[in-house]
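What follows is a short report on a single structure.
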Amino acid sequence: MIETEIRMRELDAKADSLQLGPADIDGLTTVVDALADQARLRGALSDPTLSGDARSELALRLLKGRVSAKAAAVVAEAAAHCRGPRDLEDLVERSTIRANLEVGGEIDQVSEEIFRFARAVQGDADLLKTLTDPRIGLKARQELVSTLLGAKARPQSIWLVQRALAFRGRPLVKTLDSYVELAAQVRASTVARVTVAQPLSDEQIAAIKAQLVRIYGGPIDLRIELDPEVLGGVRIQVGDEIIDGTIQN
């Protein structure tokens, strides 16, 4: 676990130093899709018989002229530190999502929009079934997301939800929630999911946040969810820890 966190921090530092823009994100997206579709490419760039430097150089050679130099540099860094084909794919994907969260300087708003959409999908079995139905083409499902969110969400949020649909074999809501967690990590914060029956006042929100800051010793990113099954009280989840003071219907 510690080794994985170190590798992610090194990759994040590399990406941050490059100040990735929209063209670079497009390039990373292209690479993520290629890695998902091409086992030989995944295998070559994660070959355990090669040194990290050799894998990095191979990535730069293969991607030269195909994606931006900055995108290629991120992939090369991931190749140097990866621990296998799937790990490589996950690292590049994470860098792609992270860069999109940060572009435009609206990470708080984007994170909130993704959280809200995840809760809407979680509470609508028919919508979840439609968005994850493999018999419906990916493009059609992505267009549905665009229609549903439209002017209600920022372009980055729509893009991220559409990308979540493309990740095969992963629960959609879990993937979206992982984006919210990643957004909090970018801001060196901790996500606290607060479930209540009625909207909270600003004073109540401030009090809950202050208490959680004291408990966890750092910035807290509150995500508030209304649940009709709750009659009163508050349920707070931080990671795997749950404080449940609700009265259920």
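Each residue of the sequence shown is one higher than the one before, counting from 5 in the working numbering. Just so you know, even glycine gets a beta-carbon here, dropped at the ideal spot from N, CA and C. Bear in mind the structure is a predicted one, so any value in this text is a computation, not a measurement.
Query, Result
"Beta-bridge pairing of T199 - partner residues as DSSP gives them", "E229 and R239"
"Exposure of R13, with buried meaning 16 or more beta-carbon neighbours within 10 Å", "exposed"
"Backbone CA spacing between I29 and I247 [nearest angstrom]", "38 Å"
"Ordered list of alpha helix (DSSP H) runs contained in the region 145-194, each at least 4 residues", "159-170 and 176-190"
"Three-state secondary structure assigned by DSSP to D41", "helix"
"DSSP state of I209 mapped onto helix, strand, coil", "helix"
"N- and C-terminal bounds of the beta strand (DSSP E) containing I247", "E245 to D248"
"Beta-carbon proximity check, L169 vs F121, cutoff 8 Å", "no"
"The region 105-121 / the region 53-73 touching (three or more Cβ pairs under 8 Å)", "no"
"Anticipated Cβ contact below 8 Å, V71 with G31, distance rounded", "3 Å"
"Cβ separation of V242 and A196, assumed to be a contact under 8 Å, to the nearest whole Å", "5 Å"
"DSSP beta-bridge partners of I224", "T194"
"Start-end ranges of the beta strand (DSSP E) lying completely within the region 58-133, minimum 3 residues", "none"
"Reference L186; option with closest CA among A76, R102 and A84", "R102"
"Validate contact between the region 38-57 and the region 81-101 using beta carbons, cut 8 Å, 3 pairs", "yes"
"Which residues DSSP lists as bridging V35, in chain order", "None, per the DSSP bridge assignment."
"Cβ-Cβ distance between V165 and Q126 below 8 Å", "no"
"Beta-carbon proximity check, E97 vs V36, cutoff 8 Å", "yes"
"Alpha-carbon spacing of L188 relative to D94, whole angstroms", "Just to set this straight, residue 188 is Ala in the shown sequence, not Leu. Distance between the alpha carbons of A188 and D94 is about 18 Å."
"Which listed residue (I219, T151, V238 and L131) has its alpha carbon closest to that of R227", "V238"
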